[in-house]
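See below for the structure under consideration.
In our numbering, the protein residues as written are 11 to 117.
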């Protein structure tokens, strides 16, 4: 089994059912909510559809956001374990974002 260097282009994975179909349906639901809201006799139905599409959009966004945060934590834990394995001591580095938006490392 050959080991490839990991980079952004071979790391991303797009799942058609999640990234295209689900988000496409949420956008269609949002558009239909706007159209129905503009019809004066169906204002409540349109607002309900808009709320549902907003809720589904937020759920989709935060599901990805929380998964990425968990993955970042796992990567940091793995890096700390490797540092301990090779150096025999814990990694006490603290990362802080400076005023010029670059990461400064304080030991």
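Yeah, the Cβ is synthetic: ideal placement off N, Cα and C, and Gly gets one too.
In this text the structure is predicted, and so the values were computed from the model without any measurement.
In or out: residue 63 buried (at least 16 other Cβ within 10 Å) or exposed? The residue you call residue 63 lines up with position 53 of the chain shown. The residue in question, residue 63, is buried, as its Cβ has 16 or more Cβ neighbours within 10 Å.
Whose C-beta lies closer than 7 Å to the C-beta of residue 28 among residues of the same chain, with five residues either side of it excluded? Position 18 of the chain shown holds residue 28. None.
In this structure, does DSSP put residue 79 in helix, strand or coil? Working through the chain shown from its first residue, we reach residue 79 at position 69. Helix at residue 79.
Mark residue 43 as exposed unless 16 or more other C-beta atoms lie within 10 angstroms of its C-beta, in which case mark it buried. Locating residue 43 in the chain shown gives position 33, where the first residue counts as 1. Residue 43 should be labelled buried.
If residue 47 and residue 68 are in contact, beta carbons under 8 Å, what's the gap, nearest whole angstrom? Start at 1 with the first residue of the chain shown, and residue 47 comes out as number 37. Start at 1 with the first residue of the chain shown, and residue 68 comes out as number 58. The Cβ separation is near 19 Å, so there is no contact.
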